[in-house]
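If you read the sequences in order, they're chains A and B.
All residue numbers for the first sequence refer to the working numbering, where the first residue is 122 and numbers rise by one.
All residue numbers for the second sequence refer to the working numbering, where the first residue is 53 and numbers rise by one.
Beta carbons are placed, not taken as given, at the ideal position from N, Cα and C, and that holds for glycine.
All figures in this text were calculated on a predicted structure; none of them were measured in a lab.
See structure below.
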Amino acid sequence: MNAATIRDGYNFAYLDEQTKRMIRRALLKAIAIPGYQVPFGGREMPMPYGWGTGGIQLTAAVIGQDDVLKVIDQGADDTTNAVSIRTFFKDLTGVKTTEKTREATLIQTRHRIPEVPLQADQILIYQVPIPEPLRFIEPSEVETRKMHALEDYGVMHVKLYEDIARYGSIATTYAYPVRVNGRYIMDPSPIPKFDNPKMDRIPALQLFGAGREKRIYAVPPYTEVLSLDFLDHPFEIQRWDETCAICGSDHSFLDEVIMDDQGTRSYICSDTDYCSQRVQQEAVA
Amino acid sequence: MISQEPLLQVKNLTKLYAPEKGCEAIDFELYPGEVLGIVGESGSGKSTLLNCLSGRLIPTAGEICYRNRDNQWLNLYALSEFERRRLLRTEWGMVHQHARDGLRMGVSAGANIGERLMAVGERHYGDIRARGLQWMQDVELDIHRIDDKPTTYSGGMQQRLQIARNLVTHPRLVFMDEPTGGLDVSVQARLLDLLRNLVTHLDLAVVIVTHDLAVARLLAERLVVMRHGHIVESGLTDQVLDDPQQPYTQLLVSSVLTP
């Protein structure tokens, strides 16, 4: 370890080694049982709950000196949450950081999956606010655990039914429930449902950390992740009539931006790295 | 009319909280399509017995055997919890005294009716919706209110919704705990009439717990009288109510107020 690059008085990646071991043990269990929520002894982190305390603990537990870290918040590398967490790890590990999805070995994310397909040597770490997909209908933790254990998942479709009854179509657009490996129902964290198909059988490892609820879960590489739906109302992702105002992309997830007081709108890619890569390629060509 | 082999066999069922509190050494058989009433005063063990029967309270002794659709005998408490829950939402139904215990108050009436269907793997929204509407009609609820939450329903409507929610998977055996308790008399009468019709049409076997002898007389074909956790008398409803043999039953029958 190059001690000079780490802030004085801190262990590598902030957490002490025993805590990291504890989290890694929970991670191994989570990977062994895809989609199952493993309780772990979540620590206080130097930031408030809801800012990614779960994700940051997972990153701290798995990060090594040769890793290249990328942090995104709603797809962007330059927002407060992303910048703070990236600086935090730069300060306390000294590892290389990047904004390029292809160069990263570890990607900590809040609410998005990068547009560029992930590779086998990459780990995607999600920040999760509410890990329990059954919570909206069953407030009791004892009961939801039993429902998971007994595969008693009828209520998940009750939520989708309510959507169709009220809005005419499945109106859930984010945190869209999935079934992992044909067994556990899982909350994919509040990613847009646009990203759900990107979780299915990808070569990368996906880890989920919920700091306040103290739960870890995982989707191992090449694991089936299916979005729930009805036969006559199949799962669909969002589409836009517009294209990105910066790079012209017609197939990426677009953010709507209000431009002036008259309500003029513009659409731009939420994945900033993807957008700038496309602009660069165009400039070269 | 009643077939030879019973649907449910209860042998020496015991669950005591204290001496004479709970139920002890209960034996009876229930035949397909039969309505059995359990009557008795408060604290006589009726509800304990019903909870044991419906798989929600593990008895200390005795066994409950149920013959399923495939004609296999199942020992209720020897089943895994997974199988027991499956049984509860496919072949059995449970109507609670308070509709709030049996309904999901946060979702619409249609979702309440459809939940059991979705739990057993129904995945076609149109079909679930159609069956919800059909059942709303069958229990005399306004079909235009299918998307309203049960919180906006009256007590009687909630109770009817609870019945629809249970019957949607065509159970063979339904447990009812004071289904008319807390309803005013005219609503009670309508609900009882509805129940009687449904029971006859669907050939349901029912175990109904009540302290109201009028309800028992109207619905039940056979009656079990409980006191201090024991069955003190049993027989055909009219026989028990018109010619009670045991002192306690005589007291119970004579205590009924007639306007």
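CB-CB under 8 Å to residue i, same chain, minus the five flanking residues each way: which ones, in chain order?
{"i": "Arg128(A)", "result": "Asp212 and Leu213"}
{"i": "Lys73(B)", "result": "Gly95, Gly97 and Gly281"}
{"i": "Ile54(B)", "result": "Any reading at Ile54(B) must be qualified, since the residue scores a pLDDT of 48, below 50, and its modelled position is unreliable; no value is offered."}
{"i": "Pro71(B)", "result": "none"}
{"i": "Leu270(B)", "result": "Leu244 and Arg248"}
{"i": "Val147(B)", "result": "Gly154, Gln211, Gln214, Ile215, Asn218, Val226, Phe227, Met228, Asp229 and Pro231"}
{"i": "Asp273(A)", "result": "Lys267"}
Checking contacts by CB at 9 Å: is residue i closer than that to chain A?
{"i": "Arg180(B)", "result": "Going by the sequence as given, residue 180(B) is Ile instead of Arg. Output row for Ile180(B): interface = yes."}
{"i": "Ile195(B)", "result": "no"}
{"i": "Arg141(B)", "result": "yes"}
{"i": "Tyr177(B)", "result": "yes"}
{"i": "Asp255(B)", "result": "no"}
{"i": "Val159(B)", "result": "yes"}
{"i": "Gln210(B)", "result": "no"}
{"i": "Met53(B)", "result": "Per-residue confidence for Met53(B) stands at a pLDDT of 47, beneath the threshold of 50, marking its modelled position as unreliable; no derived number is given."}
{"i": "Ala163(B)", "result": "yes"}
{"i": "Ala171(B)", "result": "yes"}
{"i": "Asp199(B)", "result": "yes"}
{"i": "Phe242(B)", "result": "According to the sequence provided, residue 242(B) is Arg. The question's Phe does not apply to it. Chain A, which has no Cβ nearer than 9 Å to the Cβ of Arg242(B), makes this no."}
{"i": "Glu230(B)", "result": "no"}
{"i": "Gly166(B)", "result": "yes"}
{"i": "Arg217(B)", "result": "no"}
{"i": "Arg137(B)", "result": "yes"}
{"i": "Arg152(B)", "result": "no"}
{"i": "Phe134(B)", "result": "yes"}
{"i": "Arg183(B)", "result": "no"}
{"i": "Arg121(B)", "result": "no"}
{"i": "Arg156(B)", "result": "yes"}
In chain order, what residues of the same chain have a beta carbon less than 6 Å from the beta carbon of residue i, not counting five sequence neighbours either side?
{"i": "Ala182(A)", "result": "Lys141, Ile144 and Arg145"}
{"i": "Val155(B)", "result": "A small correction: the amino acid at residue 155(B) is Leu; Val does not occupy that position in the sequence shown. Only Asn164, Pro202 and Gln214 meet the Cβ criterion."}
{"i": "Thr222(A)", "result": "Pro235, Val237 and Asp394"}
{"i": "Glu115(B)", "result": "Lys63 and Asn127"}
{"i": "Glu81(B)", "result": "Pro58 and Gln61"}
I'd like to know if residue i contacts chain B, where contact means its C-beta is closer than 9 Å to some C-beta of that chain.
{"i": "Tyr480(A)", "result": "Here chain A comprises residues numbered 122 to 406, so residue 480(A) is not present and cannot be evaluated."}
{"i": "Gly173(A)", "result": "no"}
{"i": "Gly275(A)", "result": "yes"}
{"i": "Glu272(A)", "result": "yes"}
{"i": "Lys267(A)", "result": "yes"}
{"i": "His278(A)", "result": "yes"}
{"i": "Phe351(A)", "result": "yes"}
{"i": "Ile154(A)", "result": "no"}
{"i": "Met282(A)", "result": "Residue identity differs from the one stated: residue 282(A) is Tyr in this sequence, not Met. Tyr282(A) counts as touching chain B."}
{"i": "Ile258(A)", "result": "yes"}
{"i": "His232(A)", "result": "no"}
{"i": "Ala124(A)", "result": "With a pLDDT of only 48 at Ala124(A), under the threshold of 50, the placement of this residue in the model should not be trusted; the figure read from the coordinates follows. Ala124(A) does not count as touching chain B."}
Quick one: what's got a C-beta closer than 7 Å to residue i's C-beta in the same chain, skipping five residues either side?
{"i": "Leu235(B)", "result": "Gly207, Gly208, Gln211 and Leu243"}
{"i": "Met168(A)", "result": "Thr174"}
{"i": "Met122(A)", "result": "For Met122(A), the predicted structure reports a pLDDT of 49, less than 50, and the residue's modelled location is therefore unreliable. A value from the coordinates is still provided. Excluding residues within five positions, the ones whose Cβ falls inside 7 Å are Phe133 and Gln186."}
{"i": "Asp199(A)", "result": "Thr393"}
{"i": "Tyr157(A)", "result": "Ala151, Tyr305 and Tyr338"}
{"i": "Asn452(A)", "result": "Because residue 452(A) is not part of the residues shown, which for chain A are 122 to 406, the question remains open."}
{"i": "Ala366(A)", "result": "Ser387, Tyr388 and Ile389"}
{"i": "Asp200(B)", "result": "Ser160 and Ala161"}
Does any residue of chain C bring its CB to less than 9 Å from the CB of residue i?
{"i": "Thr126(A)", "result": "Given the protein chain composition of this structure (A and B), no chain C is represented."}
Going along the segment 359-385 of chain A in order, which residues come within less than 7 Å of chain B, judged by CB to CB distance? Per Cβ criterion, the list is empty.
Segment contact flag, the segment 387-396 of chain A with the segment 183-203 of chain A, C-beta cutoff 8 Å, min 3 pairs: Yes, since at least three Cβ pairs between the segment 387-396 of chain A and the segment 183-203 of chain A fall closer than 8 Å, the two stretches touch.
Alpha helix (DSSP H) runs wholly inside the segment 177-219 of chain A, at least 4 long, in chain order: Runs of the alpha helix (DSSP H) inside the segment 177-219 of chain A: 201-214.
Check whether the segment 125-145 of chain B and the segment 184-192 of chain B are in contact - that is, three or more C-beta pairs closer than 8 Å. Contact fails: fewer than three Cβ-Cβ distances are below 8 Å.
At a CB distance below 8 Å, what residues from the segment 284-312 of chain A approach chain B? Give them in sequence order. Cβ contacts with chain B: Ile285, Ala286 and Arg287.
What runs of the alpha helix (DSSP H), each 4 residues or longer, lie entirely inside the segment 122-163 of chain B? Those alpha helix (DSSP H) runs which fall completely within the segment 122-163 of chain B and span 4+ residues are 133-142 and 151-154.
contact_flag[the segment 275-286 of chain A, the segment 357-377 of chain A] where n(CB pairs < 8 Å) is 3 or more: Verdict: no, contact absent.
Quick one: complete beta strand (DSSP E) runs, 3+ long, within the segment 201-278 of chain B? With a minimum length of 3 residues, the continuous beta strand (DSSP E) runs that stay inside the segment 201-278 of chain B are 225-229 and 257-261.
Note down, in chain order, all residues in the segment 99-119 of chain B with a beta-carbon under 7 Å from any beta-carbon belonging to chain A. Residues are counted here when their Cβ sits less than 7 Å from a Cβ of chain A; for the segment 99-119 of chain B the count is zero.
Which complete beta strand (DSSP E) runs does the segment 292-371 of chain A hold, if anything under 3 residues is left out? Entirely contained in the segment 292-371 of chain A, the beta strand (DSSP E) runs reaching 3 residues are, in chain order, 299-301, 305-307, 326-331, 336-340 and 346-348.
Can we say the segment 236-253 of chain A touches the segment 311-328 of chain A, given the rule of at least three CB pairs closer than 8 Å? Yes, the segment 236-253 of chain A touches the segment 311-328 of chain A.
Any contact between the segment 217-231 of chain A and the segment 253-271 of chain A? By contact I mean 3 or more CB pairs, one from each, below 8 Å. Result no; under three Cβ-Cβ pairs closer than 8 Å.
Quick one: complete beta strand (DSSP E) runs, 3+ long, within the segment 216-281 of chain A? Correct list: 227-231 and 244-248.
Segment contact, 8 Å Cβ cut-off, at least three pairs: the segment 170-186 of chain B with the segment 254-262 of chain B: Contact between the segment 170-186 of chain B and the segment 254-262 of chain B is absent, because fewer than three Cβ pairs lie under 8 Å.
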